[in-house]
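Data first, discussion second: the structure below is written as structure tokens.
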Amino acid sequence: MKVLVTGAAGFIGYHVCEKLLRRGDSVTGIDNFSPYYDVGLKEARVARLRGDFELLRGDIADESFMHRVFDRGHDAVVNLAAQAGVRYSLQNPMAYVGSNVAGFVNVLEGVRRRPAHLVFASTSSVYGLNTSLPFSEGQNTDHPVSLYAATKKANEAMAHSYAHLFGIPATGLRFFTVYGPWGRPDMALFKFTKGILAGEPIPVFNEGRMIRDFTYVDDIAEGVVRVIDRPPQPDSRWTGAQPAAATSSAPWRLYNIGNNQRVELLSYIRALEDALGKKAKLQLLPMQQGDVAATEADTSSLERDTGFRPQTPVEEGIRRFVAWYREYYRA
15 MKVLVTGAAG FIGYHVCEKL LRRGDSVTGI DNFSPYYDVG LKEARVARLR GDFELLRGDI
75 ADESFMHRVF DRGHDAVVNL AAQAGVRYSL QNPMAYVGSN VAGFVNVLEG VRRRPAHLVF
135 ASTSSVYGLN TSLPFSEGQN TDHPVSLYAA TKKANEAMAH SYAHLFGIPA TGLRFFTVYG
195 PWGRPDMALF KFTKGILAGE PIPVFNEGRM IRDFTYVDDI AEGVVRVIDR PPQPDSRWTG
255 AQPAAATSSA PWRLYNIGNN QRVELLSYIR ALEDALGKKA KLQLLPMQQG DVAATEADTS
315 SLERDTGFRP QTPVEEGIRR FVAWYREYYR A
């Protein structure tokens, strides 16, 4: 297949590109190398990609650039470019509007002009104030608690409108707390590892009572690739009288990709301590604005339709991350 991946130098984007290239696909990656975190880490990721890969440096919010990219034509488009981070959205909201909203419209316009299966990243954050675990795609997502989550909810709605109006097959993937090698320095596991090795206190929000469905990045990438191969069809059973939330009369679907396990943050930290061979000094803090107390994914729809269910144990995933971190940073 000929696949366009936006955000190719990002954490998840790099792993998706690597998996596509290993199976022999032709991949065009685009990235703007935003300085939101260490650009050197992004450069190191894409430098490792081997095979039929071309990197284009540009921003999905740049309309003329995106026109030129889509004029090449692709079998599938995987949109992973976004301004990430819940807490940063409290400080710099316009960064999210530019990339996650305006940029996403450019992607939609691209697949409207040159039709292709659009697979796009959403997030578990869209479940917001919902506390009914595990989260399933059919549950209400009308109460996000951060601008980041709201922009991703907007992506789902905008993709549906294009699927309905123009028949564009579109699949949204709600990722649950992704971690693993080549991760982002602003993410918890990265910060915890750096702090523990330095003997510094690590910030633990909600006094460690957070519960997350931690999902290993290879499982996320595998789920993305499985979905690429299955463009959605209109659901013949769908009715406006009883509208199912994750399917449609249009070629549009939503899936959770998570590990389907609840892991308490303190247990996650203990697994990291074991992998590092060193105890953490905990700085217990209250809940942060924009956070939710607990997440867990119901992945039965993903498993039914693709035959795949993430299942990497947290202990194994953390061991792999620590091994990468020690090698990359010579720590």
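Going by my numbering, the first residue of the sequence shown is number 15, and it counts up by one from there.
Glycine is no exception: its CB is placed at the ideal position from the N, C-alpha and C atoms.
Please read these numbers as outputs of a predicted model, since none were measured by experiment.
Coil, strand or helix - Asp45 by DSSP: Asp45: strand per DSSP, three-state reduction.
Return yes when the Cβ of Gly21 is within less than 7 Å of the Cβ of Leu70, no when it is not. no
For my contact list, Lys16 and Asp73 are in at a C-beta cut-off of 8 Å; report their separation, rounded to the angstrom. 22 Å between Cβ atoms; not a contact.
For Leu70, list the residues DSSP reports as bridge partners. Leu70 is bridged by DSSP to Ile44.
Verify whether the separation of the beta carbon atoms of Val241 and Thr185 is less than 7 Å. yes
Contact the segment 257 to 264 vs the segment 144 to 152: 3+ CB pairs below 8 Å: yes
Glu278 bridges to which residues according to DSSP? Residue pairing for Glu278: DSSP places it in a beta bridge opposite Ile225.
Going by the DSSP bridge assignment, what does Phe149 pair with across the sheet? Ala311
Contiguous beta strand (DSSP E) assignments of at least 3 residues, all confined to the segment 112 to 145: 131 to 137
Roughly how many whole angstroms lie between the Cα atoms of Gly99 and Ala235? 19 Å
By the DSSP assignment, the beta strand (DSSP E) with Pro217 in it spans what residues? Where Pro217 is concerned, the enclosing beta strand (DSSP E) stretches over 215 to 218.
If distances are taken between C-alpha atoms only, which option among Gly124, Arg127, Pro158 comes closest to Ser139? Pro158
Which residue wins for smallest C-alpha separation from Arg226, given the options Thr145, Glu287, Thr207, Trp266? Thr145
According to DSSP, is Trp266 part of a helix, a strand, or is it coil? strand
Would Thr313 and Gly272 be called neighbours here (beta carbons separated by less than 7 Å)? yes
By the three-class DSSP mapping on this structure, what secondary structure does Ala90 have? strand
Phe322: first and last residue of the uninterrupted beta strand (DSSP E) it sits in: Here Phe322 belongs to no beta strand (DSSP E), and DSSP marks it neither H nor E.
Where Gln97 falls: helix, strand or coil (DSSP): Here Gln97 sits in coil by DSSP.
What are the partner residues of Gly186, as DSSP defines its beta bridges? Phe134, Leu268
Taking the alpha helix (DSSP H) that Leu18 belongs to, which residues open and close that run? Careful: Leu18 lies outside any alpha helix (DSSP H), inside the beta strand (DSSP E) at 16 to 20.
Assign His81 to one of two classes, buried (16 or more other C-beta atoms within 10 Å of its C-beta) or exposed (fewer than that). exposed
Apart from the five residues just before and just after Lys295, which ones in its own chain have a Cβ nearer than 6 Å to its Cβ? Pro215
For Val159, the three-state DSSP class (helix, strand or coil): coil
According to DSSP, residues forming a beta bridge with Tyr230: Tyr193
Counting C-beta neighbours from all protein chains within 10 Å, is the total for Glu310 16 or more, i.e. buried, or is it exposed? buried
Using DSSP's beta-bridge definition, name the partner residues of Gln297. Pro217
Tell me which residue opens and which closes the alpha helix (DSSP H) that Arg251 is part of. Premise fails: Arg251 is in no alpha helix (DSSP H) and is neither H nor E.
Here's a check: name, in chain order, each residue in its chain whose Cβ is nearer than 7 Å to the Cβ of Gln303, leaving out the five neighbours to either side. Leu104
Can Leu35 and Gly65 be called in contact, C-beta distance under 7 Å? yes
From the DSSP output, in three-state form, read off Gln302 for me. coil
Less than 7 Å between the C-beta atoms of Pro245 and His174, yes or no? no
Since I believe Asn169 is in contact with Ser136 (beta carbons under 8 Å), could you give me their beta-carbon distance rounded to a whole number of angstroms? Between the beta-carbon of Ser136 and that of Asn169 there is about 6 Å, and that keeps the pair under the 8 Å contact cut.
Could you check the C-alpha separation between Thr229 and Ile332 for me, to the nearest Å? Near 11 Å, if we compare the C-alpha coordinates of Ile332 and Thr229.
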